[in-house]
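Oh and the sequence shown: position 136 is 136 in the numbering used here, straight run, nothing missing.
In this text, a Cβ means the ideal position worked out from N, Cα and C, and glycines have one as well.
This structure is a prediction, so every number in the text was calculated from the model and none was measured.
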Amino acid sequence: MEKDKNRYADAPRRADWTIDQNWPSYSAAEHDRWNRLYARQARLLPGRACDEFLAAMDALALSPGGVPDFEELGARLYALTGWRVVAVAGLVPDDVFFEHLANRRFPAGAFIRPEEELDYLEEPDVFHDVFGHVPLLANPVYARFMQAYGEGGRRALARGQLANLARLYWYTVEFGLVAAPSGLRIFGAGILSSPAETVFSIEDMSPNRIAFDLERVMRTNYVIDDFQQCYFVIDGFERLLEACYRDFGPIYERLRSAADLAPHEITPGDTLITRGDFHYFRGKADAA
Ligand code: HBI
Ligand code: FE
Numbered sequence: 001m002e003k004d005k006n007r008y009a010d011a012p013r014r015a016d017w018t019i020d021q022n023w024p025s026y027s028a029a030e031h032d033r034w035n036r037l038y039a040r041q042a043r044l045l046p047g048r049a050c051d052e053f054l055a056a057m058d059a060l061a062l063s064p065g066g067v068p069d070f071e072e073l074g075a076r077l078y079a080l081t082g083w084r085v086v087a088v089a090g091l092v093p094d095d096v097f098f099e100h101l102a103n104r105r106f107p108a109g110a111f112i113r114p115e116e117e118l119d120y121l122e123e124p125d126v127f128h129d130v131f132g133h134v135p136l137l138a139n140p141v142y143a144r145f146m147q148a149y150g151e152g153g154r155r156a157l158a159r160g161q162l163a164n165l166a167r168l169y170w171y172t173v174e175f176g177l178v179a180a181p182s183g184l185r186i187f188g189a190g191i192l193s194s195p196a197e198t199v200f201s202i203e204d205m206s207p208n209r210i211a212f213d214l215e216r217v218m219r220t221n222y223v224i225d226d227f228q229q230c231y232f233v234i235d236g237f238e239r240l241l242e243a244c245y246r247d248f249g250p251i252y253e254r255l256r257s258a259a260d261l262a263p264h265e266i267t268p269g270d271t272l273i274t275r276g277d278f279h280y281f282r283g284k285a286d287a288a
């Protein structure tokens with residue numbers, strides 16, 4: 001993101017890539033933008049976000065009270081699950097990212113998206129990271145999963161198989177759905193921070209929705225600049241942690257010879273929850 005769009009781009013950074021959030025530096029316009037982004041999601045998420053997320057928003061006192069101060073927010077979060085929120089200027093190197101997660105520190109972008117990128121932006125800004133990712137870190141099981149992801153990330157880097165693990169993150173932490181007693185609900189931060197995908201991910205007939213299977217997810221490619229063509233559905237955070245709390249070595253070995261799957265593909269082993277009709281994506285392709 002160009003410098004003028006991210007006023008933290010040149011902020012002095014520590015060895016671990018953290019910077020000073022400098023909370024007093026947020027302007028009234030930036031606080032107002034956070035409040036408008038917040039209000040839009042607060043209206044859409046009841047009945048669509050998982051109960052754990054909605055409960056965590058209350059537990060962390062997330063509010064339309066302007067951009068949160070990471071110190072204050074982090075103190076509330078720390079009291080619940082030992083996680084902290086640390087400020088970064090944008091994406092940090094993979095090994096730095098995993099080191100923070102493994103130590104229960106969530107690196108959150110300090111900048112807020114510019115008005116002209118209100119609906120979508122490439123880099124994770126404070127709304128995507130703090131509104132999308134931070135609340136579920138207040139849930140003890142999810143907090144454990146995220147720390148395990150960080151520990152696994154360091155191991156994946158050492159093996160040179162980060163791509164497979166990044167898919168696990170993508171299809172759960174960013175775009176995961178969960179089967180709740182009352183129906184499909186969202187837990188992925190990439191969806192929770194996006195008004196259009198909040199509706200699309202659980203109500204549109206276009207995408208496939210497939211029961212989560214660790215190895216299947218690790219084989220599946222993803223697109224980064226449009227809605228997902230498939231969403232994976234977990235049975236709950238306990239099952240997700242259980243599925244991932246194992247030695248990935250044998251899986252990585254099998255994955256070396258397994259062909260990648262395209263995001264629209266269905267395989268015989270899949271438990272299909274909804275088979276997509278892809279009309280949204282065909283419309284785009286026709287338009288292209
Ligand atoms: N850095 N700040 C930040 N936020 C991320 O989500 C992030 C990152 N660096 C690397 C990364 N994500 C992914 O490449 C890893 O999950 C694989
Ligand atoms: Fe993210």
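Take residue i as the anchor and find which of the options has the nearest alpha-carbon.
| i | options | result |
| --- | --- | --- |
| L80 | G236, L137 and A39 | L137 |
| L168 | N6, S193, A143 and F232 | F232 |
| E115 | G188, L54 and K5 | K5 |
| P260 | M218, I251 and L272 | For the record, residue 260 in the displayed sequence is Asp; it is not Pro. Ranking M218, I251 and L272 by Cα distance to D260 puts M218 first. |
| P68 | H279, Q21 and G152 | Q21 |
| D226 | A285, T271 and P93 | A285 |
| L60 | A75, S193, D119 and E238 | A75 |
| V173 | S182, A189, F53 and R185 | A189 |
| R84 | S182, H133, R159 and A262 | H133 |
| R48 | V92, M205, F200 and R282 | F200 |
| L177 | Q228, H128 and R154 | Q228 |
| F70 | I19, L54, C50 and A55 | I19 |
| H128 | S27, R33, A55 and L77 | R33 |
| Y120 | A262, A243 and A196 | A196 |
| A102 | A143, A243 and T267 | A143 |
| S355 | E122, W23, P263 and Y26 | This structure leaves residue 355 out entirely; the chain is present only between 1 and 288. |
| W170 | V223, N139 and L118 | V223 |
| A29 | F248, N139, F111 and G249 | F111 |
| V141 | A243, E265, S25 and D277 | A243 |
| S193 | L255, E117 and G249 | E117 |
| S257 | P64, F281, Q161 and L241 | Q161 |
| C230 | A15, Y280, L241 and S182 | Y280 |
| E99 | A15, H31 and F278 | A15 |
| E253 | G183, R159, Y26 and A42 | R159 |
| R113 | L255, Y8 and T271 | Y8 |
Would you check whether ligand 1 has a heavy atom nearer than 7 Å to the C-beta of residue i?
| i | result |
| --- | --- |
| D318 | Since the first residue of the chain shown is 1 and the last is 288, residue 318 is not available in this structure. |
| Y169 | yes |
| G74 | no |
| P107 | yes |
| G90 | yes |
| F97 | yes |
| A179 | no |
| A166 | yes |
| L37 | no |
| L162 | yes |
So residue i packs on residue j, CB below 8 Å; how close in whole Å?
| i | j | result |
| --- | --- | --- |
| V126 | G109 | 5 Å |
| I191 | F175 | 6 Å |
| I202 | I273 | Going by Cβ atoms, the distance from I202 to I273 rounds to 11 Å, so no, they are not a contact pair. |
| M57 | P124 | The pair is not a contact, with the Cβ atoms about 19 Å apart (cut-off 8 Å). |
| A148 | Y245 | 6 Å |
| N208 | R275 | 6 Å |
| D94 | L45 | That pair is no contact at about 30 Å. |
| G82 | N35 | Between N35 and G82 the Cβ distance is about 29 Å, and since that is not below 8 Å, they are no contact. |
| G152 | L165 | 6 Å |
| F53 | F145 | 14 Å between Cβ atoms; not a contact. |
| R185 | C50 | 4 Å |
| I251 | L214 | 7 Å |
| F187 | Y38 | Not confirmed; about 18 Å, so no contact. |
| A89 | R13 | 7 Å |
| A179 | D247 | Contact doesn't hold; Cβ gap of about 27 Å is too wide. |
| G249 | R216 | Between R216 and G249 the Cβ distance is about 18 Å, and since that is not below 8 Å, they are no contact. |
| W23 | V92 | About 20 Å; that fails the 8 Å criterion. |
Less than 7 Å between the CB of residue i and some heavy atom of ligand 2, yes or no?
| i | result |
| --- | --- |
| A189 | yes |
| P124 | yes |
| H128 | yes |
| G132 | yes |
| E174 | yes |
Please report whether the beta-carbon of residue i lies at a distance below 8 Å from any beta-carbon of chain C.
| i | result |
| --- | --- |
| Q41 | Within the model displayed, chain C is absent; a lone protein chain is all it includes. |
Could you check whether the Cβ of residue i sits closer than 7 Å to any heavy atom belonging to ligand 4?
| i | result |
| --- | --- |
| F53 | Judged by which ligands are present, ligand 4 is missing from the structure shown, whose ligands are ligand 1 and ligand 2. |
Margin query: I'd like the ranges of any alpha helix (DSSP H) spanning at least 4 consecutive residues and lying wholly in the region 131–182.
Written below: With a minimum length of 4 residues, the continuous alpha helix (DSSP H) runs that stay inside the region 131–182 are 140–159 and 162–169.
Notebook entry, point to check: Going along the chain, which unbroken runs of the beta strand (DSSP E) with 3 or more residues stay wholly within the region 177–218?
Noted result: With a minimum length of 3 residues, the continuous beta strand (DSSP E) runs that stay inside the region 177–218 are 177–180, 183–186 and 208–211.
Note to self: What ranges does the beta strand (DSSP E) occupy inside the region 55–125, keeping only unbroken runs of at least 3 residues that lie completely in it?
What the structure shows: Every beta strand (DSSP E) stretch that sits fully inside the region 55–125 and reaches 3 residues is listed by chain position as 84–88 and 105–109.
Next item on the list: For the region 258–287, list the beta strand (DSSP E) runs that are entirely contained and at least 3 residues long, ordered along the chain.
Entry: Whole beta strand (DSSP E) segments, 3+ residues: 272–274.
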